[in-house]
Amino acid sequence: MTFCKNESRPPRALGIILNDRCGLRCKHCSLSYDANYRGTSWKIEEGELRRVILEADASVYRTVIMAGGEPALVPQLLQIGIQACREKGIFSAIVTAPVWARTRKSASEFFNRVRGLSIVMLSYDVFHLEFITVEHYANAIQEAKAAGVQVFLNMCYSNPEEQASLLAKIAHLQDLIDQIHYQPVLPFGNAAANEATIKLEKQRVESVEDLVKVKRSCVAGNALLNRDGSLYPCCWAAKVDDSPLKFQHMRGLGFRFSSLLMEEDPAFQSLRDSGLIDSLSPDAAAKAAELVRGESFVNECDLCVRLMKEGSNIFRPLLDAVPEAV
């Protein structure tokens, strides 16, 4: 696909990392912020943020999601990103933990600082609730609606019981929430270190039959611009050193060139169209099952990251063959 010529596919989102600092230390943090590591002073350059948004193809990316770290710590960058999105005619969104919403007044002041924002995506789970309260979320949600901002809740959970409990805590707010996105906790970063206490639900793989039972979850196409300027087809692909799905920033060529490289890449196209598991031919599925035999996975993303760690010479050939029904 070249810049979404096939308009039957839904528009996608582009995530951009704004900063590398967070005041929280959630036990499931995939970026590994904790008491000993709060991040670095790195921030994306203002000019680079604006260039990327204005170079992005609006027929491919209908939303830019500004993330971190904690992007609320860099309001000037948020303002630049929001303005660039408005010029481009696309939606702007921020992924944030509402530490800034201790009161209705502080929440209102936050939305005044990000005037023009389209969507606020609130990270919500038992791990964030160790540091902030349901009242923070209530203040953020109510003031978002007052400011004309859509509210998405990004809910991570370890098991169905935890998911139900989290929903019950916000039952009085659900009429104000535009969308709830569910994401099981994946064993990356702090979650890997705390896996014994988090108790993740997993599918053990001993055969191809087990492999195809792994829960589907692929979000390839919702791309991520990482700190080094490289482009990835999803946030999880950036978790692997020397990722097989890293599209290197080329100095002087800009974001549009990196995006074109990704869109024309056969491995990316397979993942975008079918996800990892359903892209595999019978032979490739058998090879994948052999590589991970005896291991257990939360979902397809967890499995995909594991296979990417085998390197490009192993991972990419799994997606080369024309897939048949597995």
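My numbering applies: residue -3 is where the sequence shown begins, and numbers increase by one.
Yeah, the Cβ is synthetic: ideal placement off N, Cα and C, and Gly gets one too.
Identify the residues that DSSP records as bridge partners of P180: which are they?
Y153
Within the continuous beta strand (DSSP E) that includes R17, where are the two ends?
Here the beta strand (DSSP E) through R17 covers N15 to R17.
Under 7 Å between C-beta atoms of S226 and Q199
no
Residues near A187 in its chain [Cβ-Cβ closer than 8 Å; skip 5 each side]:
Result list for A187: K23, H24, C25, S26, V181, I194 and L196, in chain order.
Any Cβ of chain E within less than 7 Å of the Cβ of F184?
No chain E is present in this structure, which holds just one protein chain.
Quick check on W38: buried or exposed, where buried means 16 or more other Cβ atoms within 10 Å of its Cβ?
exposed
Where the beta strand (DSSP E) through I49 begins and ends:
Run containing I49: none in the beta strand (DSSP E); it sits in the alpha helix (DSSP H), E42 to E51.
What does DSSP give as the partner residue(s) for L227 in the beta ladder?
L221 and F243
Based on Cα-Cα distance, which residue from E41, R17 and L45 lies nearest to Y33?
R17
Excluding sequence positions up to five away, which residues of its chain have a Cβ less than 6 Å from the Cβ of Y120?
L149 and M151
For the ligand ZN, is there a heavy atom less than 6 Å away from the beta-carbon of F184?
For the ligand ZN, the structure offers nothing, since it holds no ligand at all.
Within 10 Å of its beta-carbon, does F127 have 16 or more other beta-carbons around it, so buried, or fewer, so exposed?
exposed
Are the CB atoms of L125 and A80 nearer to each other than 7 Å?
no
N222 versus Y228: straight-line alpha-carbon distance, rounded
8 Å
Under 7 Å between C-beta atoms of G77 and L45
yes
So, with DSSP's three-state summary, where would you put L118?
strand
Nonlocal neighbours in the same chain, by C-beta distance under 6 Å from P7, ignoring five residues either side
Result list for P7: R58, in chain order.
Exposed unless 16 or more other CB atoms sit within 10 angstroms - verdict on A63:
buried
Nearest-angstrom Cα separation, counted from N135 out to T36:
29 Å
Element boundaries [alpha helix (DSSP H), containing I86]
From DSSP, I86 is part of no alpha helix (DSSP H); its letter is neither H nor E.
Which parts of the region 241 to 285 are runs of the alpha helix (DSSP H), unbroken and 4 residues or longer, counting only runs that do not cross its ends?
250 to 259 and 262 to 270
In terms of DSSP beta bridges, what is R8 paired with?
Y57
Straight-line CA distance for S277 to R82?
43 Å
Just mark A142 as buried or exposed, buried being the case when its beta carbon has 16 or more other beta carbons within 10 Å.
exposed
In this structure, does DSSP put W38 in helix, strand or coil?
strand
If contact is defined by three or more beta carbon pairs under 8 Å, each pair taking one atom from either stretch, is the region 298 to 317 in contact with the region 273 to 287?
yes
Bounding residues of the alpha helix (DSSP H) (the contiguous stretch that carries P313)
S308 to L314
When you compare only the Cα positions, how much space is there between A93 and N108?
C-alpha separation (whole angstroms): 17 Å.
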